[in-house]
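Step one of this worksheet: look at the structure below.
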Amino acid sequence: NAGVTQTPKFQVLKTGQSMTLQCAQDMNHNSMYWYRQDPGMGLRLIYYSASEGTTDKGEVPNGYNVSRLNKREFSLRLESAAPSQTSVYFCASSDVWGSYNEQFFGPGTRLTVL
Amino acid sequence: QKEVEQNSGPLSVPEGAIASLNCTYSDRGSQSFFWYRQYSGKSPELIMFIYSNGDKEDGRFTAQLNKASQYVSLLIRDSQPSDSATYLCASEGGGGADGLTFGKGTHLIIQP
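Protein chains in written order, with my numbering: chain A, 1 to 114; chain B, 1 to 112.
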């Protein structure tokens, strides 16, 4: 079991470039999430997908789009990257049982926008 | 807006002592609470989950929840240098898969 995998691990972009961060999980989880983590800011939810075919905005969705490609895969797209999007991006997945939502995190993508 | 507050630290504790980490939350509708450990440059990993008032013990770790005071804590007994990490407190929003609200984390240093 690989758990949650993310590609790429590192990326440097210039302002205005676009890219897609890929995430896949092999735990058969229904729910998937994208967070960003900035120094001193903790983890903030960008988008989530409660189940295949649905996506919803989180706390900081501006500048991002997502696609839940199938049950395993959830991608995050930056259409026109800005320096403010320099961050570490984590994908997570979970199965939700009532109020129990244990999330398993991928290794992260470290993105720098120049 | 839901908020989870933690003291950022660093919290320095001698090896073998008890480390006490605290967080408070704003949303009274939150039902469940999670403690994640994150080593520098790594992803968060779950170490404790609690949803009932009182204490929950797992090995050297004890989570405590007081819903009336909106307060969650994590105790680490017999602290080891390998416990040095950032500890993230998170709350669940009261049902459903709409993500967790994380605090900014407390940086814990265990001094040998």
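C-beta: ideal position from N, C-alpha, C; glycine also. These numbers were taken from a predicted model, which means no experiment stands behind them.
Taking B:Gly54 as the reference, which of B:Val4, B:Gln70, B:Ile47 has the closest Cα? B:Gln70
Go ahead and label B:Glu92 buried or exposed: buried means 16 or more other beta carbons lie within 10 angstroms of its beta carbon, across all protein chains shown. buried
Across the region 75 to 94 of chain B and the region 6 to 25 of chain B, are there enough close Cβ pairs to call them in contact, namely three or more that are closer than 8 Å? yes
For A:Ser18, collect the residues of the same chain with a Cβ closer than 8 Å to its Cβ; drop the 5 residues on either side in sequence, then sort them by chain order. Arg77, Leu78, Glu79, Ser80, Ala81
Does the beta-carbon distance from B:Asp83 to B:Leu108 come in below 9 Å? yes
Taking 9 Å as the threshold (beta carbon to beta carbon), is B:Lys56 in contact with chain A? no
Which residues in the same chain as A:Lys57 place their Cβ atom closer than 7 Å to its Cβ, once the five residues preceding and following it in sequence are excluded? Tyr47
Cα separation between B:Phe49 and B:Gly103? 15 Å
Are any of the Cβ atoms in chain A nearer than 9 Å to that of B:Thr101? yes
So, is A:Tyr64 buried or exposed, given that buried needs 16 or more other C-beta atoms within 10 angstroms? buried
Look up A:Ala24 in the DSSP assignment and give the residues it is bridged to. A:Thr5, A:Glu73
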